[in-house]
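Have a look at the structure below, then the notes.
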Amino acid sequence: LVLEERQDRDGVTQYRAQIEVAPGVMQPGFLLLPPARFEGKRPAVLVPFYAPEVSVAYAGPRPLEGQAKRMLTTGERGQGRDFALQLARRGFVTLSIGSPGDDAYNPVLNGAARQPLSYLAYIAANCHTVLAQRAEVDAKRIAVLGHSYGGKWAMFASCLYEPFAAAVWSDGGVVFDEKRIAVNYWEPWYLGLDPAVTRKRGLVTPQNGRTGAYQRIFEAGHDLHELHALMAPRPFLVSGGSEDHAERWKALNHTIAVNKLLGFENRVGLTTRPAHTPTEESNEALYLFFEWALKSTK
């Protein structure tokens with residue numbers, strides 16, 4: 003982790019950073035340290051999204067570019083997504099990262115022979131290591147939080163990398179649902195990458211079929227509740243909206259059953275809101291979840 007420009011955000015210390023997300027591969031992001039009144043080793047949260055500037059509500063001297071400019075200057079996807087800044091104000095160390103290559107729809111995989119979503123989980127695991135090595139951080143209390151695209155990223159990261167102590171997945175789609183265009187795991191920037199086939203962006207149809215790993219997984223009868231089970235007994239919250247509504251309890255009940263088998267309760271949560279965009283209420287719930295899930299281990 004290479005720290006660059008430092009900025010004070012009303013007591014929160016913000017560093018623009020270069021993060022080694024793969025051997026020799028550096029990617030920009032932000033490290034935020036909580037105000038000085040929060041003493042001792044702190045819990046930490048990794049916040050992946052399209053652009054890290056969104057997660058910190060960036061207001062620094064540099065002009066916005068790429069995905070950050072589209073989201074923060076047009077308001078397209080900036081509302082209610084400053085998770086890293088809000089968590090830092092509450093005493094958490096946060097690390098924000100964005101799409102590799104600053105293009106979610108054409109991610110730079112740096113030679114990784116994997117589906118893009120698997121590579122994003124690998125990046126998150128390396129970011130966990132970066133946080134665990136910080137003197138301010140309690141390595142046993144590191145979580146991951148993501149919304150939408152970041153929600154898928156956070157889900158795969160936390161399920162596939164056991165050192166994450168807890169997670170929040172915000173309306174990324176917790177099951178395969180081919181009727182919902184935003185639950186689009188079939189797209190080539192998630193699980194549908196196939197070098198031999200280029201599909202048109204959009205819903206799966208007879209004329210625009212499944213490709214890549216998604217095709218094999220879906221047509222073999224698998225679904226994401228099998229991935230969720232890997233979280234047990236670690237706690238997670240689904241901050242649901244238009245894509246992850248109350249009906250998703252049917253899938254989440256599988257992980258509740260796994261937790262029960264392991265002797266644990268109250269490890270799976272779901273909140274709901276009408277729309278995809280986070281609200282003050284839904285965000286307050288996830289902040290309180292982290293304060294509970296990452297409470298001091300002493």
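All residue numbers for the sequence shown refer to this note's numbering, where the first residue is 3 and numbers rise by one.
Yeah, the Cβ is synthetic: ideal placement off N, Cα and C, and Gly gets one too.
Contact under 8 Å by Cβ, ILE183 with ILE99: As a working mapping, residue 183 is identified with position 181 in the sequence shown. As a working mapping, residue 99 is identified with position 97 in the sequence shown. Not closer than 8 Å, so no.
Cβ-Cβ distance between VAL177 and HIS227 below 8 Å: Translated into the one-based positions of the sequence shown, residue 177 becomes position 175. Translated into the one-based positions of the sequence shown, residue 227 becomes position 225. It is a contact, given that the beta carbons lie within the stated cut-off.
The segment 110-122 in contact with the segment 8-20 per 3-pair CB rule at 8 Å: no
Same chain, Cβ closer than 7 Å to ALA134, five either side skipped, listed in chain order: Translated into positions along the sequence shown, residue 134 becomes position 132. ALA141, ILE144.
Cβ-based neighbour list, ARG201, same chain, cut-off 6 Å, excluding 5 preceding and 5 following: To locate residue 201, count along the sequence shown from 1; it is residue 199. Counting only Cβ-Cβ distances below 6 Å, and skipping sequence neighbours, we find ASN210, THR213.
Separation of ASP196 from VAL240, as counted between CA atoms: As a first step, residue 240 must be located in the sequence shown, where it is residue number 238. As a first step, residue 196 must be located in the sequence shown, where it is residue number 194. When rounded, the distance between both Cα atoms is 30 Å.
MET28 burial status per 10 Å Cβ neighbour count (16 or more: buried): The sequence position of residue 28 within the sequence shown is 26, counting from 1. Classification for MET28: exposed.
Beta-carbon proximity check, ALA127 vs PHE238, cutoff 8 Å: For the purposes of this step, residue 127 is taken as the residue at position 125 of the sequence shown. For the purposes of this step, residue 238 is taken as the residue at position 236 of the sequence shown. For ALA127 and PHE238, no; Cβs fall outside 8 Å.
LEU195 - partner residues in DSSP beta bridges: Translated into the one-based positions of the sequence shown, residue 195 becomes position 193. Answer is none; LEU195 lacks a bridge partner.
Check: GLY174 C-beta below 7 Å from any heavy atom of the ligand PLP: This structure lacks the ligand PLP; in fact it carries no ligand of any kind.
CB-CB length for GLY148 against VAL49, believed under 8 Å: If you number the sequence shown from 1, residue 148 lands on position 146. If you number the sequence shown from 1, residue 49 lands on position 47. Confirmed, Cβ separation roughly 7 Å.
Backbone CA spacing between ALA215 and ARG11 [nearest angstrom]: The count along the sequence shown starts at 1 and reaches residue 215 at position 213. The count along the sequence shown starts at 1 and reaches residue 11 at position 9. Answer to the nearest angstrom: the Cα atoms are 43 Å apart.
First and last residue of the uninterrupted alpha helix (DSSP H) at LEU162: As a first step, residue 162 is located in the sequence shown; it is residue number 160 there, counting from the start. Looking at the DSSP string, the run of the alpha helix (DSSP H) that includes LEU162 is 151-162.
Secondary structure of PHE220, DSSP reduced to three states: Here residue 220 is taken as the residue at index 218 of the sequence shown, counted from 1. Reduced to three states, the DSSP call for PHE220 is helix.
Beta-carbon separation (whole angstroms), ALA106 vs TYR151, contact threshold 8 Å: Taking the sequence shown and counting its residues from 1, one reaches residue 106 at position 104. Taking the sequence shown and counting its residues from 1, one reaches residue 151 at position 149. With a Cβ gap of about 6 Å, ALA106 and TYR151 count as contacting.
Spatial distance of ALA295 from PRO63 (CA atoms): As a first step, residue 295 must be located in the sequence shown, where it is residue number 293. As a first step, residue 63 must be located in the sequence shown, where it is residue number 61. The straight-line gap from Cα to Cα measures roughly 35 Å.
Distance CB(LEU332)-CB(PHE158) smaller than 8 Å: With the chain represented from 3 up to 300, any question about residue 332 goes unanswered, as that position is not in the structure.
Simplified DSSP assignment, three categories, for THR279: The count along the sequence shown starts at 1 and reaches residue 279 at position 277. In the structure shown, THR279 sits in coil (DSSP, three-state: anything other than H, G, I, E or B).
As assigned by DSSP and simplified to three states, the class of GLU41: For this step, residue 41 is matched to residue 39 along the sequence shown. Three-state DSSP puts GLU41 in coil, outside helix and strand.
Limits of the unbroken alpha helix (DSSP H) element including GLN9: As a first step, residue 9 must be located in the sequence shown, where it is residue number 7. That residue, GLN9, is in no alpha helix (DSSP H); its beta strand (DSSP E) goes 4-11.
Beta-carbon contacts of SER172 that lie in its chain and below 6 Å, excluding the five residues immediately before and after: The residue labelled residue 172 in the question sits at position 170 within the sequence shown. HIS149, GLY153, SER241, listed in sequence order.
Candidates HIS224, ARG83, ILE219, of which the one nearest THR279 by Cα: Along the sequence shown, one-based indexing puts residue 279 at 277. Closest by alpha carbon: ARG83.
Three-state class that DSSP yields for LYS262 in the structure shown: Taking the sequence shown and counting its residues from 1, one reaches residue 262 at position 260. Looking at LYS262 - three-state DSSP - the assignment turns out to be helix.
Beta-carbon gap between LEU3 and ALA86 smaller than 8 Å: Your numbering for residue 3 matches position 1 in the sequence shown. Your numbering for residue 86 matches position 84 in the sequence shown. No, Cβ-Cβ distance for LEU3 and ALA86 is not below 8 Å.
Sequence-distant residues of the same chain with beta carbon closer than 7 Å to LYS43, five excluded per side: Within the sequence shown, the letter at position 41 stands for residue 43. Excluding sequence neighbours, LYS43 sits near GLU138, VAL139, ASP140.
Own chain, CB closer than 6 Å to LYS300, minus 5 neighbours either side, in chain order: Along the sequence shown, read from residue 1 onward, the residue named residue 300 stands at position 298. Note on LYS300: pLDDT 45, under 50, position unreliable in the model; no value is reported.
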